[in-house]
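A short write-up of the structure that comes next.
Right, dumping it as structure tokens:
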């Protein structure tokens, strides 16, 4: 029976008898995605990229984490200098690091600087943040998300600054021998050109939606791809999820964004992403979860209790 607290807002996604539920929204707010109670941690599942400190998740974090622990084996959250609104210091990154300390071997952190944030920071602030990331290198499993974004960033001046910052973080990742998580929206070819100048061992193309020619070039270099619910409406991601070697794919939610139900996405929806991949490839959910979870473990060097 469906819990009473979940009955107000629910979304049937049209995949057999699977039901995806959302908590009733607070006044003026939006619902939080959850899964039915009968879905538990019987499979090995990892959300390889989300934003736990971002508004929407942060206000409901105890519940979000408890739900994630019921279903998942690990969550990789992306810490940024700030989340929706710029604040003094680097509160987003600090919160992410604190979460990893509290939830050891379950929440893991990458630290990065989203290209759309670069324009809001002075050169001095960027340098200070790079130093902060370097100083905390032992507490993180990777650097990212970092990269370029020509969809949101239009001026050549801001694009140039984003490019310089991207290079600086790639140099840091190479020096520290850390995996990188790459954001490349409408700048995929340029990002690949820049990456070719570095000898990075592990590169993850996060939520890649460029063309297949560029995707195949990245695959030939040994790069990995993280797919999310956009595979249901984005041709390139769908083709990657269906046709690229499963050993090159990680699963992510990008929560609180990209919710399958609208409203606020949460890490547990990685189960829905896994089901979509399994359906596309004609594989069992168990096979998809086993291989993609192992990819995440090996890419980030995670420790999970079941392996």
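Numbering (this note's numbering), first residue to last: 3 to 309.
From the three backbone atoms N, C-alpha and C, an ideal C-beta is built for every residue, glycine too.
Nothing here was measured: the structure is a model prediction, and the numbers come from that model.
By how many angstroms is the C-alpha of residue 200 removed from the C-alpha of residue 294? Straight-line Cα distance between these residues: approximately 26 angstroms.
Own chain partners of residue 45 with C-beta closer than 7 angstroms, once the 5 adjacent residues on each side are dropped: Only 287, 288 and 291 meet the Cβ criterion.
In or out: residue 87 buried (at least 16 other Cβ within 10 Å) or exposed? With fewer than 16 other Cβ atoms within 10 Å, it is exposed.
Just curious, the beta strand (DSSP E) that residue 207 is in, first and last residue? First-last of the beta strand (DSSP E) with residue 207: 205-208.
If we count the other Cβ atoms within 10 Å of its Cβ and call it buried at 16 or more, is residue 114 buried or exposed? Buried, because 16 or more other Cβ atoms sit within 10 Å of the Cβ of residue 114.
If the criterion is Cβ atoms closer than 9 angstroms, does the pair residue 169 and residue 142 meet it? Not closer than 9 angstroms, so no.
Identify which residue in 164, 308, 97 and 224 has its Cα closest to the Cα of residue 248. Among 164, 308, 97 and 224, the Cα nearest to that of residue 248 is on 224.
Using a Cβ-Cβ cut-off of 6 angstroms (strictly less than) and excluding sequence neighbours within five positions of residue 279, which residues of its own chain qualify? Same-chain partners within the cutoff: 243 and 290.
Give me whichever residues DSSP pairs with residue 49 in a beta bridge. For residue 49, which the question treats as bridged, DSSP gives the partners 77.
Do you know how far the Cα of residue 269 is from the Cα of residue 307? Their backbone Cα atoms lie some 18 angstroms apart in a straight line.
Just to confirm before moving on: does the CB-CB distance between residue 111 and residue 139 stay below 9 angstroms? Not in contact: residue 111 and residue 139 (Cβ atoms no closer than 9 angstroms).
Classify residue 162 as buried or exposed, calling it buried when 16 or more other Cβ atoms lie within 10 Å of its own Cβ. Around the beta-carbon of residue 162, fewer than 16 other beta-carbon atoms lie within 10 Å, marking it exposed.
Check whether the Cβ atoms of residue 48 and residue 299 lie closer than 9 angstroms to each other. Going by beta carbons, residue 48 and residue 299 fall inside the 9 angstroms limit.
Decide if residue 153 is buried, meaning its Cβ has at least 16 other Cβ atoms within 10 Å, or exposed. Looking at its Cβ environment, which holds fewer than 16 other Cβ atoms inside 10 Å, residue 153 is exposed.
Counted within 10 angstroms of its Cβ, other Cβ atoms place residue 254 as buried (16 or more) or exposed: Buried: at least 16 other Cβ atoms inside 10 Å.
Contacts around residue 146, its chain only, beta-carbon distance under 6 angstroms, and the 5 residues preceding and following it disregarded: In chain order, 112, 114, 182 and 183 place their CB closer than 6 angstroms to the CB of residue 146, counting only its own chain and leaving out the 5 sequence neighbours on each side.
Can you check DSSP and say which residues form a bridge with residue 114? According to DSSP, which records beta bridges pairwise, residue 114 is partnered with nothing at all.
Which runs of the alpha helix (DSSP H) at least 4 residues long sit entirely within the region 127-207? Give them in chain order. Uninterrupted alpha helix (DSSP H) stretches at least 4 residues long and entirely within the region 127-207 occur at 158-178 and 190-197, given in chain order.
In this structure, how does DSSP classify residue 275 when only helix, strand and coil are distinguished? It is helical.
Using a threshold of 9 angstroms, state whether the C-beta atoms of residue 241 and residue 207 are closer than that. For the pair residue 241 and residue 207, the CB atoms are not nearer than the 9 angstroms cut-off.
Verify whether the separation of the beta carbon atoms of residue 304 and residue 78 is less than 9 angstroms. Result yes, Cβ atoms of residue 304 and residue 78 sit closer than 9 angstroms.
Report the option in 189, 204, 74 and 131 whose CA atom is closest to the CA atom of residue 95. For residue 95, the nearest C-alpha among the options comes from 131.
Might you give, ordered along the chain, the residues of its own chain that have their beta carbon closer than 6 angstroms to the beta carbon of residue 53, omitting 5 neighbours on each side? Counting only residues of its own chain and dropping the five nearest sequence neighbours on each side, residue 53 has a CB closer than 6 angstroms to the CB of 80.
Given residue 274, which residues of its chain have a CB within under 6 angstroms of its CB, disregarding the five upstream and five downstream residues? Result list for residue 274: 262, in chain order.
Alpha carbon to alpha carbon, how far is residue 231 from residue 109? Give it in angstroms, no decimals. Our two residues, residue 109 and residue 231, have alpha carbons roughly 21 angstroms apart in a direct line.
Within the continuous alpha helix (DSSP H) that includes residue 301, where are the two ends? That run of the alpha helix (DSSP H) goes 287-302.
Alpha carbon to alpha carbon, what distance is there between residue 55 and residue 25? Unreliable placement is indicated for residue 25, whose pLDDT of 41 sits below 50; no coordinate value is reported for it.
How big is the Cα-Cα spacing for residue 238 and residue 217? Taking the CA atoms as reference points, residue 238 sits about 8 angstroms from residue 217.
Given a cut-off of 9 angstroms on the beta-carbon distance, is the pair residue 220 and residue 205 in contact? Taking C-beta atoms as the reference points, residue 220 and residue 205 count as a pair closer than 9 angstroms.
Beta-bridge partners of residue 253, as assigned by DSSP: In DSSP, residue 253 forms a bridge with 229.
Would you call residue 63 buried or exposed, if buried means 16 or more other Cβ atoms sit within 10 Å of its Cβ? Result: exposed.
Please report the distance separating the alpha-carbon of residue 176 from that of residue 210. When rounded, the distance between both Cα atoms is 22 angstroms.
Between the C-alpha atoms of residue 122 and residue 68, what's the straight-line distance to the nearest angstrom? Using only the alpha carbons, I get a separation of about 34 angstroms.
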